[in-house]
Amino acid sequence: MLDHPNVVRLFSTSQDEKQIYLVLELCEGGELFQKIVEAKKLAETQVATIMKQILRSICYLHGAGIVHRDLKPENFLFQSKGVPLEHNTLKLIDFGLSKFLAEGEVLQNLVGSAPYVAPEVVARSSGRPCDLWSCGAIMYMMLSGAPPFTGMNDRQVFQKAKSEKPRLIGRLWEPVSEAAKDLIRRLLDADPASRITAEHALESDWIKGESADKAALDPEIVRNLHRFSSASRFKRTALIAVAHQLREDEVETLRASFNAMDKDGDGCLTLDEMSRALAASLPDLVPLEDLKRVMDEIDVNDDGYVSYTEFLAAAMNQRLPDNEQLCWRAFKAFDLDGDGSISLSELRTVMGDQEMTRQVSPDVASLFQELDSGGQGHVMFPDFMRVVSADSEREAAASQSGR
């Protein structure tokens, strides 16, 4: 499952005889395309903030071996209504043309919307770089209000994209910085072999200068990360379940902290990124020698790094026992058949879900007995909350004894 702050979340799926249904995160802020149409063109500072989010999403996808192949302003939605563009969260949607791409594999289909299609896609020999061309076309359109190449039909657009350079002179382009123009040129390089990658684009002077992440680490977030390492496997699973369902307005501060730590923008925190962030802001809060152990515990699915959802789960650790609504969401994630109770079978299923926790063989029967204190054969919500609270008290005691 895709897990990045700038990629729309998939909550659940279902199907009948004719259709597959996807329940996706609600984005109420409208399309990026509509914002461009309304404003004619966007301010350079706004474009830098938006491009950083676009490039982060693509860096993450490419790191996961996925090529989107249909990047355009219509496929980016703003999370919130009434929030200024430079403070809004952008979400990439519509993976209908996306493909997993093995190293060295070449895609031969002509797909996408003409103004954003790279020359190599037209030549039916494309790969990851085609997404970066589309990013360049989107950036050009945001700054000028028009696509980089136009024509009477798709064939003319494709020909110009192959043979011409993007026009970056004239009245519209006079206010635009040379650093922004340089990034456009590197994104709209007709040669995919020399075209800039998403990772390198995020390191460009323009992106780093215009849209630097300035969020400082909150000491309470770091304390929660540390306490999470003492949490039971049951509570970690519950927190991951809740983190999958959180709304953007509930995680705004946590998202800013995650992005500030995620220096390469790939949507994953490495040990080096976490240690650098702690050393820069809060060097005395968690000893660096303890950080590896803490990170190993936060890395619930054991893939060697901390994902966005894992970070959210750990960072909101102390909220769960004090917030009945969050506890209810966690309870419902275990209550797979929706009957208002958790059976032993449901507990086994969720505790063995690789999306939520490691494939370690826990004593689920013993946990079920602890949850089902009345011996009814099923777990009700008050029992669930009781065990979550007891786990939190054990964490607090462990944290105190470790000081």
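In my numbering, the protein residues as written are 8 to 410.
Idealized CB from N, CA, C, for every residue including glycine.
Among the options, which has the Cα closest to the Cα of residue i?
i	options	result
Ala322	Val229, Asp77, Ile43, Val386	Val229
Lys299	Met146, Glu317, Asp309, Leu278	Leu278
Trp213	Ala187, His233, Glu317	Ala187
Phe241	Met392, Leu190, Thr56	Met392
Arg192	Leu175, Pro182, Ser19, Ser350	Leu175
Glu45	Met148, Gly384, Val258, Ser373	Met148
Arg355	Thr244, Ala287, Glu280	Thr244
Ser133	Glu171, Leu108, Phe156	Leu108
Lys172	Pro182, Thr157, Asp196, Arg178	Asp196
Asn231	Glu304, Glu255, Arg162, Leu39	Glu304
Asp189	Asp346, Ile203, Lys270	Ile203
His207	Pro12, Leu139, Ala372	Leu139
Thr157	Val124, Val258, Ser184	Val124
Gly216	Ser184, Glu257, Glu227, Leu253	Ser184
Ala153	Phe40, Asn160, Gly103	Phe40
Asp346	Ala205, Glu317, Val357, Phe388	Phe388
Asp256	Val90, Ala205, Ala337, Glu110	Val90
Phe102	Asn95, Ala287, Glu81	Glu81
Leu253	Pro182, Glu181, Arg336, Glu227	Arg336
Glu4	Glu51, Gly70, Gly119, Asn160	Residue 4 cannot be examined here, being either before or after the span of the chain that is shown, 8 to 410.
Leu246	Lys25, Glu317, Val371, Gly177	Glu317
Quick one: what does DSSP say residue i is sitting in, helix, strand or coil?
i	result
Leu253	coil
Lys25	coil
Val386	strand
Arg401	helix
Arg365	Reliability of the predicted coordinates at Arg365 is poor, the pLDDT of 47 falling under 50, and no value is obtained from them.
Val128	helix
Val313	strand
Ser151	helix
Ser373	helix
Ile228	helix
Ser380	coil
Ser133	strand
Phe85	strand
Leu278	helix
By Cβ distance below 8 Å, which residues in the same chain neighbour residue i in space, the five residues on each side in sequence not counted?
i	result
Lys106	Ile73, Val74, Arg76, Leu114
Leu92	Lys42, Leu49, Gln53, Thr56, Ile57, Phe85
Glu112	Gly134
Val301	Leu232, His233, Phe235, Ser236, Val293
Asp297	His233
Gly381	Asp390
Gly37	Leu84, Phe85, Lys88
Thr333	Note that residue 333 is Leu in the sequence shown, not Thr. Answer for Leu333: Val249, Met323, Arg326, Leu327, listed in chain order.
Asn95	Gly36, Phe85, Gln86, Ser87
Arg401	Ser237, Ser239
Since residue i and residue j are thought to touch, with beta carbons under 8 Å apart, how far apart are those beta carbons, to the nearest angstrom?
i	j	result
Leu194	Cys275	Actually they are not in contact, since the Cβ atoms of Leu194 and Cys275 sit about 23 Å apart, beyond 8 Å.
Ala121	Phe83	The Cβ separation is near 18 Å, so there is no contact.
Ala320	Ala250	4 Å
Ile43	Leu97	Rounded, the Cβ-Cβ distance is 13 Å, inconsistent with contact.
Lys47	Leu209	About 27 Å; that fails the 8 Å criterion.
Cys66	Asp310	In fact, because the Cβ distance is near 17 Å, the residues do not count as touching under 8 Å.
Arg16	Glu32	4 Å
Glu353	Leu343	5 Å
Lys79	Ile145	7 Å
Asn324	Ala397	About 15 Å separates the two Cβ atoms, so there is no contact after all.
Phe341	Val357	5 Å
Glu280	Lys270	6 Å
With a CB to CB cut of under 7 Å and the five nearest residues on each side skipped, what residues in its chain are close to residue i?
i	result
Leu4	Residue 4 is absent from the model: the chain starts at 8 and stops at 410.
Leu117	Val128, Val129, Arg131
Pro155	Ala144, Tyr147, Pro173, Leu195
Tyr315	Asp10, His11, Pro12, Phe265, Gly274
Leu29	Leu17, Thr20
Tyr312	Cys275, Leu276, Thr277, Asp306
Ser350	His385
Ser348	Asp342, His385, Val386, Met387
Lys339	none
Lys167	Phe156, Gly158
Leaving out five residues before and five after residue i in sequence, what residues of the same chain have Cβ atoms less than 6 Å from its Cβ?
i	result
Leu378	Val386, Asp390, Val394
Pro199	Glu127, Pro136
Val14	Ser64, Leu99
Leu179	Ser151
Gly261	The question names Gly, but residue 261 in the sequence shown is Leu. Cβ neighbours of Leu261 beyond the five flanking positions: Leu319, Ala322.
Complete beta strand (DSSP E) runs within the stretch 13-75 (minimum length 3 residues, chain order): 17-22, 27-31
Please give the ranges of any alpha helix (DSSP H) in the stretch 88-129, keeping only runs that are unbroken, at least 4 residues long and fully inside the region. 126-129
For the stretch 172-222, which segments carrying the alpha helix (DSSP H) assignment without a break, of at least 4 residues, lie completely within its bounds, in sequence order? 185-194, 205-209, 212-217
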